[in-house]
Structures are given as C-alpha cells and as structure tokens.
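**Q** So for the sequence shown, the working numbering puts the first residue at 21; every next one is plus one.
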Amino acid sequence: MTALKYLNGYSPDVRQQVQRLIDNNQLGTWLEQRYPPESGHSVQTDAALYDYTQRLKQQHMRSSGPVSKVFFDTRMHVIDNALGQHQFVSRVQGSKLKRKNEIKVSALLKSLPEPLLRMVVVHELAHLREKDHNKAFYQLCQHMEPDYHQLELDLRLYLTLRG
C-alpha cells in the first residue's frame, strides 16, 4: 500500500480509488489520458512566468495590487512541500516603506501540463485578496479557474505518482 501523503484531506473513497489505480499500475495512464504529453506549455523562463501571471491577473483581478516579481524556484518542492508561495515584502526606500507582492512557483511545474501550472498561479494570485485558505479564498480560485478543485486533485495525483 502506497502512502498517499498528498491526499490526506480527501475522503476515504477518493483515496481508495487512487490506491486501486496505483495497485493496478494505472495512475500514470489515467493522468496521461487526461493530460496528453503534447499538453505541455511554453512557460519555461521567469520572464514567461511573469507574463503568464500578469495576463491571468489582468483578466481576473485588475483591482488588486501589483505583483512585482514572479519566478520559478528550483528548491520549492523540497521546502514545506509547497509548489507555490506568495510573499508580501516590505522594504524601506528612503523615508518610505514600499510593499511588494512576489510569487514564486516550483520549477517542477515547468514539466507538468499547463492547466496544473495555471491552478498554482491562480492559487497564489488569490492570496493577493485573501490571505487565508477560507471559503472566500476558494470561491475566488473557482472564479478564476472553474475547474480549480479538479486541477488541485490532479496535481496531487501527479505528485503521488512521482513519489
């Protein structure tokens, strides 16, 4: 039996279904059917990720504060088992305190399908308005990405498959 550490918050039924897929060596095939290998993406650089994030922000969250920096982090998956992180950085510039929003995304997402990258970026953008993972936060995520919850599960399945 495989440890399903990325699926701890899911129901026993979902966990049993995933365990059956793993036991029958079908999880990879199932994910490949949902996300064919050609469903990759061209967002491979920090500049491309910044542009990608800005387009999503402009489309869904125009009135939110600006995002000053977005980049891929090669160490992200190792630290805190996170695939994305938002930071609110305050810096003193002269006599003023400047506040900046920064987003970093795990470099692992360069190799995963674009919808999964979009889900993580949407999640981090939602933190511009909602700091906590509350009902309003998840409603905002679903507003920006209607399939948010399915994509989050699929990302967790990819992580489970990778071990």
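Just so it is clear, CB atoms sit at the ideal spot from N, CA and C, and this is done for glycine as well. Just so you know, these numbers come straight off a predicted model, no measurement behind them.
Who are the Cβ neighbours of L41 in its own chain at under 7 angstroms, not counting the five residues just before and after it?
**A** Here L41 has L47 and W50 as same chain residues with Cβ atoms under 7 angstroms from its own Cβ, once five neighbours each way along the sequence are excluded.
**Q** Who are the Cβ neighbours of L137 in its own chain at under 7 angstroms, not counting the five residues just before and after it?
**A** H61, V63 and L129
**Q** Spatial neighbours of Y178 within its chain, please: CB distance less than 8 angstroms, with the 5 preceding and 5 following residues excluded, ordered by chain position.
**A** L51, L132 and L136
**Q** Quick check: the Cα distance between D66 and S126, rounded to an integer number of angstroms?
**A** Using only the alpha carbons, I get a separation of about 11 angstroms.
**Q** Between which two residues does the alpha helix (DSSP H) containing L69 stretch?
**A** D66 to H80
**Q** If you run the structure through DSSP and keep just helix, strand and coil, what is E8?
**A** For the chain, the structure presents residues 21 to 183; residue 8 sits outside this window and is missing.
**Q** By a C-beta neighbour count over all protein chains shown, 10 Å radius and 16 as the cutoff for buried, is D93 buried or exposed?
**A** Classification of D93: buried, given that the 10 Å Cβ count is 16 or more.
**Q** If you check the beta carbons only, do M200 and Y168 fall under 8 angstroms apart?
**A** Outside the displayed span of the chain (21 to 183) sits residue 200, for which this structure offers no information.
**Q** Determine the direct distance from the alpha carbon of L175 to that of I99, and round the result to whole angstroms.
**A** Since pLDDT at I99 reaches only 44, below the 50 mark, its modelled position is unreliable, and the value read off the structure follows with that caveat. Between I99 and L175, the C-alpha separation is close to 17 angstroms.
**Q** Alpha carbon to alpha carbon, how far is N44 from R54?
**A** 18 angstroms
**Q** Quick one: what does DSSP say L7 is sitting in, helix, strand or coil?
**A** The question about residue 7 has no answer, for the chain in this structure spans 21 to 183.
**Q** Check each candidate in A68, M164 and S59 and name the one with the smallest Cα separation from L76.
**A** When only C-alpha atoms are compared, the closest one is M164.
**Q** For the beta strand (DSSP E) containing L117, list its first residue and its last residue.
**A** K116 to S126
**Q** Should E144 go down as buried or exposed, given a rule of 16 or more other Cβ atoms within 10 Å for buried?
**A** buried
**Q** Please state whether the Cβ-Cβ distance between Y72 and V141 is less than 8 angstroms.
**A** yes
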